[in-house]
Amino acid sequence: MRVLGIDPGLRRLGWGIIDMEGSRLRHVANGVCESDGAQELAERLLSLHRQLSAIFSQFTPDMAAIEQTFVNKDAVGTLKLGQARGVALLVPAQFGLPVGEYAPNKVKKTVVGVGHADKAQIGHMVKMQLPGVQINGPDAADALAIAICHAHHVGGQTMRIKA
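In terms of the numbering used here, the sequence shown opens at residue 12 and continues consecutively.
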């Protein structure tokens, strides 16, 4: 099974793809979709949609997972993040894929072992779980962590169903 993890963001939307075979995980690709802050919001969202759609077309994932939005003090920033997250939910739906959603603390707890890990710890543990991976920045590391989290949760459900 091929899993695409998405770390939503309006300026930088991280993505990471892993293959899951039983309990084994293998890195496929990772990167960042970027939008130009000088453009209108609608153009930025369209750009993210096009970039993410191209990734789906190129790598044909079987499932997707996305980080849930947290609410912060900046309501405008939270709203813009929510709109980028909408694009990140729309694209997998257009390709007919189920989407898992995970709270940031759940991702961190699954990948690092603690729910309040920092970005450096996440990147380190992603490298430990995907030997040889070259991570294209912290947003891509977060996306790979989301994919790993989904693989662990879906894999556990699959094992329970078969047992």
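We treat Cβ as the ideally placed atom computed from N, Cα and C, and that holds for glycine. Just so it is clear, the structure is predicted and the values come from calculations on it, not from any experiment.
* Asked: Taking three-plus beta-carbon pairs below 8 angstroms as touching, is the region 121–136 in contact with the region 79–93?
  -> no
* Could you tell me if serine 46 is buried or exposed, where buried requires 16 or more neighbouring beta carbons within 10 angstroms of its beta carbon? => As a working note, residue 46 is residue 35 in the sequence shown. Per the 10 Å Cβ criterion, buried.
* To do: Report all residues from its chain with a CB closer than 7 angstroms to the CB of alanine 162; omit the five preceding and five following residues, and keep chain order.
  => Sequence index remark: in the sequence shown, residue 162 carries index 151 (1-based). If we look at alanine 162 and ignore the five residues flanking it on each side, its Cβ neighbours are Val14, Ile29, Met31, Leu36.
* **Cα-Cα separation, methionine 12 to methionine 74** => Against the sequence shown, residue 12 aligns to sequence position 1. Against the sequence shown, residue 74 aligns to sequence position 63. Methionine 12 and methionine 74: Cα-Cα distance of roughly 8 angstroms.
* Which first and last residues belong to the beta strand (DSSP E) in which valine 43 is found? -> Looking up residue 43 in the sequence shown gives position 32. Counting along the chain, the beta strand (DSSP E) containing valine 43 begins and ends at 35–45.
* Through-space distance from lysine 91 to proline 158, alpha-carbon basis -> Mapped onto the sequence shown, residue 158 falls at position 147. Mapped onto the sequence shown, residue 91 falls at position 80. The question names proline, but residue 158 is alanine in the sequence shown. Each residue's Cα considered, the two are about 23 angstroms apart.
* Span of the alpha helix (DSSP H) holding leucine 63? -> As a position in the sequence shown, residue 63 is number 52, starting the count at 1. 52–70 is the span of the alpha helix (DSSP H), which, as asked, contains leucine 63.
* Opposite valine 110 in the DSSP bridges: which residues? -> Walking along the sequence shown from the start, residue 110 turns up at place 99. Beta-bridge pairing links valine 110 to Ala75.
* Buried versus exposed call for alanine 128 [16 or more other C-beta atoms within 10 Å across all chains shown] -> Taking the sequence shown and counting its residues from 1, one reaches residue 128 at position 117. Answer is buried; the Cβ neighbour count reaches 16.
* Asked: Which whole runs of the alpha helix (DSSP H) in the region 122–173 are 4 residues long or more, in chain order?
  -> Counting whole runs of 4 or more residues, the region 122–173 contains the alpha helix (DSSP H) stretches 130–140, 149–173.
* Stretch-stretch touch, CB-based, cutoff 8 angstroms, three pairs: the region 15–23 with the region 95–102 -> yes
* In the DSSP assignment, find the unbroken alpha helix (DSSP H) run with leucine 24 in it and report its ends. => The count along the sequence shown starts at 1 and reaches residue 24 at position 13. Element bounds for leucine 24: not the alpha helix (DSSP H) but the beta strand (DSSP E), 23–32.
* To do: With glycine 88 as the anchor, note down where its alpha helix (DSSP H) starts and where it stops.
  => As a position in the sequence shown, residue 88 is number 77, starting the count at 1. Run containing glycine 88: 86–105, per the alpha helix (DSSP H) assignment.
* Can you tell me the Cα-Cα spacing of cysteine 160 and alanine 53, whole angstroms? -> Translated into the one-based positions of the sequence shown, residue 160 becomes position 149. Translated into the one-based positions of the sequence shown, residue 53 becomes position 42. For the pair cysteine 160 and alanine 53, the Cα-to-Cα distance works out to about 31 angstroms.
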